[in-house]
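Engineer: Right, I'll just put the structure down here and ask away after.
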Amino acid sequence: MLSLSEALLISAPNGGGLACYENRVMHVFDNFSSTGLALHNSSVIRSFHLADSALLMFYHPDGAQKKLINHDLADIHDLLVRDDVLYAVSTGTNEVVSLCTDTGKITQRWSFPGEGDSWHVNCIDFWNGRLVVSAFCEGMKHGDYYNDPLYNGFIMDVETKEKLWLELTHPHTPKAEGNRRYVCDSGLQRLLIQEDDQTHSLLHPGYPRGLCFTDDYILLGVSQPRNLTTEKNASIKIIDKKSLIQVDEIELPFTEVYDIKILPAQLVHSYRFDQMIL
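Taking the working numbering, the leading residue of the sequence shown gets 87, the next gets one more, and so forth.
Right, dumping it as structure tokens:
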């Protein structure tokens with residue numbers, strides 16, 4: 087499903103870490119809980135799962151690494167680079183921000199009402215030039231989304247606050263590709279795909295989160311729910327784009343998966359992911 091020239095980089099929170107899947111072999115680099123991944127030119131940016139600050143690591147293909155810390159942000163969930171601007175979701179402070187990639191300083195912030203993590207904003211993408219974010223609800227108190235999770239989630243334009251997709255349950259990973267828009271409706275264990283005037287619903291038991299694409303396949307991360315005691319690990323479902331049928335599966339070394347990125351296989355080990363110094 088992946089060509090020999092491609093590898094998957096996989097992040098996992100809650101005791102997970104960072105791993106790659108290359109030539110049908112899984113390599114675990116470390117077990118530092120991680121969330122969003124971003125690609126910038128030939129570099130990889132990784133966010134660590136910290137409740138009270140932002141810690142980002144930049145990995146360069148010459149083996150160099152750079153660490154950025156920002157104590158004004160908290161619980162970073164997602165990263166995205168667009169036109170050389172780094173965007174991050176600061177779930178713990180209820181906002182989306184843009185950051186200077188040299189200093190880590192905030193250059194712009196889009197804050198939402200309520201206490202920190204009252205909406206559980208989490209993942210971002212650009213849809214037709216619009217920066218969008220997924221959120222569990224419009225709460226006012228920390229953790230309000232636990233009270234009534236069903237169908238209160240949405241995808242929203244960050245600038246205008248227009249809701250672009252409603253009645254979701256724990257949504258993650260909004261993605262636009264071609265004429266399709268995707269979202270992991272994680273709380274209802276499904277991947278939703280808007281295409282023209284119809285919506286496809288693909289059931290994948292677990293907690294779908296994390297999404298990327300090859301020319302022919304959808305790669306969908308599915309975590310084990312945190313409220314279940316299980317010996318099973320997370321996995322990546324390989325789904326044919328045309329038929330929307332699962333054709334393969336990659337078992338992961340973690341119980342959860344957050345983000346998945348495709349890298350050139352020949353570069354994976356040049357980043358020295360396994361030699362990180364915090």
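From the three backbone atoms N, C-alpha and C, an ideal C-beta is built for every residue, glycine too.
Could you tell me whether the Cβ atoms of residue 235 and residue 270 are closer together than 7 Å?
Structural biologist: If you number the sequence shown from 1, residue 235 lands on position 149. If you number the sequence shown from 1, residue 270 lands on position 184. Taking 7 Å as the Cβ cut-off, residue 235 and residue 270 do not qualify as a contacting pair.
Engineer: Specify the secondary structure class of residue 280 as computed by DSSP and reduced to three states.
Structural biologist: In the sequence shown, residue 280 corresponds to position 194, counting from 1. Strand at residue 280.
Engineer: Within 10 angstroms of the Cβ of residue 261, are there 16 or more other Cβ atoms? Answer buried if so, exposed if not.
Structural biologist: To locate residue 261, count along the sequence shown from 1; it is residue 175. With 16 or more other Cβ atoms within 10 Å, it is buried.
Engineer: Provide the residue span of the beta strand (DSSP E) that contains residue 360, from first to last.
Structural biologist: Position 274 of the sequence shown, counted from the start, is the residue given in the question as residue 360. Note, residue 360: premise wrong, no beta strand (DSSP E); not H, not E.
Engineer: Classify residue 220: buried if its beta carbon has 16 or more other beta carbons within 10 angstroms, exposed otherwise.
Structural biologist: In the sequence shown, the residue the question calls residue 220 occupies position 134. With 16 or more other Cβ atoms within 10 Å, it is buried.
Engineer: Sort 251, 215 and 205 by Cα distance to residue 230 and report the nearest one.
Structural biologist: Mapped onto the sequence shown, residue 230 falls at position 144. Nearest option by C-alpha distance: 205.
Engineer: Roughly how many whole angstroms lie between the Cα atoms of residue 121 and residue 113?
Structural biologist: Your numbering for residue 121 matches position 35 in the sequence shown. Your numbering for residue 113 matches position 27 in the sequence shown. So the alpha carbons of these two residues sit roughly 18 Å apart.
Engineer: Give me the Cα-Cα distance between residue 192 and residue 237, rounded to the nearest whole angstrom.
Structural biologist: For the purposes of this step, residue 192 is identified with residue 106 of the sequence shown, where counting begins at 1. For the purposes of this step, residue 237 is identified with residue 151 of the sequence shown, where counting begins at 1. Looking at the two C-alpha atoms, the distance is approximately 32 Å.
Engineer: Could you spell out where the beta strand (DSSP E) holding residue 111 opens and where it closes?
Structural biologist: Position 25 of the sequence shown holds residue 111. Element bounds for residue 111: 111-116.
Engineer: As a quick exercise: from 362, 95, 268 and 200, pick the residue whose alpha carbon is nearest that of residue 212.
Structural biologist: Your numbering for residue 212 matches position 126 in the sequence shown. Looking at the Cα atoms, 268 is the closest of the given residues.
Engineer: Find the nearest neighbour of residue 345 within the set 201, 298, 335 and 304, judged by alpha-carbon distance.
Structural biologist: By one-based count along the sequence shown, residue 345 stands at place 259. That would be 298, whose Cα lies nearest to the Cα of residue 345.
Engineer: Could you name the residues of the same chain whose beta carbon sits closer than 8 Å to that of residue 266, not counting the 5 residues immediately before and after it, in chain order?
Structural biologist: The sequence position of residue 266 within the sequence shown is 180, counting from 1. Hits under 8 Å: 279, 280 and 281.
Engineer: Are the CB atoms of residue 160 and residue 188 within a distance shorter than 7 Å?
Structural biologist: By 1-based counting over the sequence shown, the position of residue 188 is 102. By 1-based counting over the sequence shown, the position of residue 160 is 74. Not in contact: residue 188 and residue 160 (Cβ atoms no closer than 7 Å).
Engineer: Could you tell me if the beta carbon of residue 202 falls within a distance shorter than 6 Å of some heavy atom in the ligand HEM?
Structural biologist: The ligand content of the structure shown is nil, which means the ligand HEM is not present either.
Engineer: So what does DSSP say about residue 232, is it helix, strand or coil?
Structural biologist: Translated into positions along the sequence shown, residue 232 becomes position 146. Correct three-state label for residue 232: helix.
Engineer: Taking the straight line between their C-alpha atoms, what separation do you get for residue 352 and residue 90?
Structural biologist: Counted from its first residue, the sequence shown places residue 352 at position 266. Counted from its first residue, the sequence shown places residue 90 at position 4. Using only the alpha carbons, I get a separation of about 9 Å.
Engineer: What would DSSP say about residue 98, mapped onto helix, strand or coil?
Structural biologist: Taking the first residue of the sequence shown as 1, we reach residue 98 at position 12. Three-state result, residue 98: strand.
Engineer: Look at the alpha carbon of residue 156 and the alpha carbon of residue 199, and state the distance between them as a whole number of angstroms.
Structural biologist: Position 70 of the sequence shown, counting from 1, holds the residue named residue 156. Position 113 of the sequence shown, counting from 1, holds the residue named residue 199. Cα to Cα, the separation comes out at about 21 Å.
Engineer: Could you check if residue 336 is buried or exposed, using at least 16 other CB atoms within 10 Å of its CB as the buried criterion?
Structural biologist: In the sequence shown, counting from the first residue as 1, residue 336 sits at position 250. Buried, because 16 or more other Cβ atoms sit within 10 Å of the Cβ of residue 336.
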